[in-house]
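Engineer: Take this structure, written in structure tokens, and hold onto it; I'll ask about it next.
In the working numbering, the protein residues as written are 82 to 210.
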């Protein structure tokens, strides 16, 4: 395979890094984008039409995503309680199953909980405010 990008670009010393950051963010042509309005930047990965379509707000889709997130979080919690109370398994087996299950539950709570909070703070989760 080809060498990684990090191997091809040796690390900069602190002075060079400071100078690059002070000059702003550069594109492939060496343009300084740091002082440009957000709408004039040329580093957009999506066309405006695709972006507009993805940004369409819908109460139905918002509640559907919220319901899916809540179902995953509650389902994970219920399965953890079931594993903890399961009498057909030894304590060691329950603990071996609970360790990854509780870790997964923590991931669901932080990722899905934050995603919901993030979109609600931006007022993009639902069409109705």
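The beta-carbon is built from N, C-alpha and C at its ideal position, and this holds for glycine as well.
So, are the CB atoms of residue 182 and residue 160 less than 9 Å apart?
Structural biologist: Closer than 9 Å, so yes.
Engineer: By the 10 Å Cβ neighbour count, where 16 or more other Cβ atoms means buried, how is residue 194 classified, buried or exposed?
Structural biologist: Exposed, by the Cβ-count rule.
Engineer: Just the Cα atoms here: how many angstroms apart are residue 109 and residue 147?
Structural biologist: Here the model assigns residue 109 a pLDDT of 48, short of 50, so the residue's position is not dependable and the matter cannot be decided.
Engineer: For residue 133, tell me which candidate among 209, 205, 210 has the shortest Cα-Cα distance.
Structural biologist: The option with the nearest alpha carbon to residue 133 is 205.
Engineer: For residue 138, report the span of its alpha helix (DSSP H) as first-last.
Structural biologist: Residue 138 -> no alpha helix (DSSP H), and no H or E assigned at all.
Engineer: Is there contact here, the region 172-192 with the region 133-143, by at least three beta-carbon pairs under 8 Å?
Structural biologist: Verdict: no, contact absent.
Engineer: Leaving out five residues on either side along the sequence, give the residues of the same chain with a beta carbon under 7 Å from the beta carbon of residue 121.
Structural biologist: Excluding residues within five positions, none has a Cβ falling inside 7 Å.
Engineer: Taking Cβ positions, are residue 164 and residue 153 nearer each other than 9 Å?
Structural biologist: Taking 9 Å as the Cβ cut-off, residue 164 and residue 153 do not qualify as a contacting pair.
Engineer: Considering only their Cβ atoms, is the gap separating residue 200 from residue 145 smaller than 9 Å?
Structural biologist: Their beta carbons are not under 9 Å apart, which means residue 145 does not touch residue 200 by this criterion.
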